[in-house]
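As structure tokens, the structure follows; a few thoughts come after it.
In UniProt numbering, the protein residues as written are 1 to 763.
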């Protein structure tokens, strides 16, 4: 329409424009540097002129006086003669090097040769020493003035040189250098010399770092530690230098692997190696007030009378009381259809608030103090095949980030089998796992149990290593998991201790509190000891003629157990399950528990607290009860018969105050704080605990990235990918629809649908 269209922009024109822009920038830099150097020359001439004028004024007009001994002017004239050649040389160097060579060639260095100035200063200093100036004599004012002038001139010249040099550099070069510095920052600490590593030390450290991988292959940790100790002890000579930081006494009799870590750290520090950035932990919870947040996540809830529902409830109450920290108990919420399958006596709840009221009322009846902790719910689904509750969705989402400080995972392997969400150790500063159940023992009883147990064993190792900093095992009957330690951190309901005190008081008054014989109480499934009980009574039916046993329990196998007992005519009376603290059970004298699948039987501890006899097998799950005089253990069926006769014909001994206290939740909480290192974690008010607690006096070591950290991160990522595939979940036995919570759970818990909270774009 009469308007000329602009010519199209081709690749060649764009290149020419870019070249012209770069050339223009270089010309501006060159012109600026030329002006600065011209200014430097002008200032240099002016300063030298002032210097010579000052020297001439001090020398006076006319010819120089004759040199006489002790005459200051003669000395000054001598200094002037020595300076003159240097000044001429300096001017010549400036004219030839600084200006005549400008602009500099590519790659040339813009530096001013100050050797002439240095020579002048050295000449003045040497003149003051060579011509009879005795030590202790006051320096002449003229020499001092000239030296001060030269120092000031040198300082100004250096600053001008740096200014000109910096102008030559471009912004791109500056940013590139800063990025290199941030990626490979050199340590500012003084380097310390350390002897180089021996071959045996390198091998020992390699075995030490490969521990997680060897553990996955079935190599026992004790064997790895012995191999590390053997290799490290064969190094060339003992370490004669002090430890990396602090005094040697801080290590004491710690394991030799700690000494090896310090040795490696010392060698790395002597080389100037510094590690930061890539392997740093992500930002975590920061303490906003003076109280820490503890979240206790479990796999069951009242009114389901199981250990994983009751023990975490008491733990939350006593932790909140003893530590005065903020504690939250996180329990599963089931839809009405699942509640009818799980909860006894057809108890159901229409809302989480209603179930929370039930839980608090049940706890208040058994505590002697007001429990000050919060209860939160996450969605779960009941699996009939596994007879347990499987979390639905990412359980860690139901703990706000502002409260994600310390996590206690009750049954960590159970919680994380199908966990598809954020890694616990990434969200929380310190993660503690408490193992309640011996899953391998249950699985071995099923069809193809050996193969399933093998797979579950390695999966348990996988998830606990990836998601826990510390693992507590209630007894040695559980699987040996990474970073685990054995300690009974459970107590008994205070109600049972009160019953035991009443029994002691009745005995002191001459009354007999036990009017009944023997009983057994437990969930009625074959794996809970019912098979062992029927086998023992059937095999020694004649030896225990007239012996009667009352059994209390409900469960999936109740009809099969009752039918088997009636068929063999074993004299067992079956009753519906009751609370162990029920008044009708106080009169029994002997509690029989033949189960070997339990990790630590709560009913056994409750019976001992009530002052009864307990007959149980000599098994790792009962190790904690060995020291109680009323605990009668057996190793063979013949010993079982002997223990039954002994208990039925004698009276139990009263518990000492120390034994009663060891069964209490106060003592259990103290053990938990100590063995989980939670007491040390709570003292760290910085909120950054990481993996364990460092020893006092030993600062953070600049070690190489640990193989265990790399392995843990890889396992967590692989687990996340595997649990995100619904086909793989179903193939490994997951309950359908547990990767995300469903619509009904969203309505019950007032949640947004997972498609809104975690949208997948592009679908």
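Each residue gets a CB set at the ideal place from its N, CA and C atoms; glycine is no exception.
Rounded to the nearest angstrom, what separates residue i and residue j at their Cα positions?
i, j, result
"residue 472", "residue 542", "43 Å"
"residue 616", "residue 712", "39 Å"
"residue 331", "residue 430", "20 Å"
"residue 375", "residue 404", "15 Å"
"residue 510", "residue 587", "16 Å"
"residue 677", "residue 412", "17 Å"
"residue 127", "residue 44", "Legend: pLDDT at residue 127 = 49, less than 50; position of this residue unreliable, no value from coordinates given."
"residue 561", "residue 637", "20 Å"
"residue 643", "residue 544", "11 Å"
"residue 440", "residue 225", "26 Å"
"residue 508", "residue 521", "28 Å"
"residue 674", "residue 469", "15 Å"
"residue 475", "residue 223", "21 Å"
"residue 297", "residue 339", "19 Å"
"residue 539", "residue 618", "19 Å"
"residue 736", "residue 730", "7 Å"
"residue 551", "residue 611", "19 Å"
"residue 443", "residue 582", "32 Å"
"residue 328", "residue 294", "6 Å"
"residue 727", "residue 417", "15 Å"
"residue 425", "residue 679", "19 Å"
"residue 108", "residue 208", "Annotation note: pLDDT 43 at residue 108 (below 50); position unreliable, coordinate value reported separately. When rounded, the distance between both Cα atoms is 52 Å."
"residue 199", "residue 206", "11 Å"
"residue 454", "residue 195", "45 Å"
"residue 547", "residue 557", "24 Å"
"residue 349", "residue 710", "45 Å"
"residue 309", "residue 210", "38 Å"
"residue 651", "residue 486", "32 Å"
Which residue or residues does DSSP assign as beta-bridge partners of residue i?
i, result
"residue 631", "614"
"residue 328", "295, 374"
"residue 430", "406"
"residue 518", "549, 590"
"residue 473", "435, 486"
"residue 575", "552"
"residue 381", "390"
"residue 333", "379"
Hey, residue i and residue j are a contact pair by Cβ (cut 8 Å); roughly how many whole angstroms apart?
i, j, result
"residue 292", "residue 489", "That pair is no contact at about 19 Å."
"residue 500", "residue 632", "Not a contact, Cβ separation roughly 17 Å."
"residue 590", "residue 621", "Wrong, their Cβ atoms sit about 19 Å apart, outside the cutoff."
"residue 517", "residue 593", "Actually they are not in contact, since the Cβ atoms of residue 517 and residue 593 sit about 15 Å apart, beyond 8 Å."
"residue 665", "residue 491", "3 Å"
"residue 390", "residue 384", "Actually they are not in contact, since the Cβ atoms of residue 390 and residue 384 sit about 11 Å apart, beyond 8 Å."
"residue 519", "residue 549", "7 Å"
"residue 299", "residue 201", "In fact, because the Cβ distance is near 45 Å, the residues do not count as touching under 8 Å."
"residue 496", "residue 609", "4 Å"
Which residues in the same chain have their Cβ closer than 7 Å to the Cβ of residue i, if we skip the five residues on either side of it in sequence?
i, result
"residue 317", "363, 367, 371, 373"
"residue 204", "228, 231, 232, 260"
"residue 462", "715, 719"
"residue 239", "Unreliable placement is indicated for residue 239, whose pLDDT of 42 sits below 50; the coordinate value is still reported in the next sentence. 263."
"residue 565", "534, 572"
"residue 197", "267"
If you drop the 5 nearest sequence neighbours on each side, which residues of the same chain put their C-beta closer than 8 Å to that of residue i?
i, result
"residue 745", "333, 335, 379, 392, 751"
"residue 394", "419, 420, 421, 422"
"residue 438", "477, 478, 479, 597, 598, 599, 621"
"residue 504", "611, 654, 655"
"residue 513", "502, 503, 506, 507, 586, 587, 611"
"residue 523", "306, 553, 554, 555, 577"
"residue 753", "743, 746"
"residue 647", "518, 589, 590, 613, 615, 632"
Report all residues from its chain with a CB closer than 6 Å to the CB of residue i; omit the five preceding and five following residues, and keep chain order.
i, result
"residue 420", "723, 724, 739"
"residue 716", "423, 466"
"residue 493", "366"
Do the region 425 to 441 and the region 318 to 326 make contact, defined as three or more Cβ pairs closer than 8 Å?
no
Taking contact to mean at least 3 C-beta pairs separated by less than 8 Å, is the region 289 to 309 in contact with the region 338 to 350?
yes
Across the region 344 to 360 and the region 387 to 404, are there enough close Cβ pairs to call them in contact, namely three or more that are closer than 8 Å?
no
The region 620 to 636 / the region 646 to 663 touching (three or more Cβ pairs under 8 Å)
With the cut-off at 8 Å, the region 620 to 636 and the region 646 to 663 touch.
At least 3 beta-carbon pairs within less than 8 Å: the region 597 to 605 vs the region 450 to 466
The answer is no - the region 450 to 466 does not touch the region 597 to 605, with fewer than three Cβ pairs under 8 Å.
Given 8 Å, three or more beta-carbon pairs between the region 566 to 580 and the region 442 to 451
no
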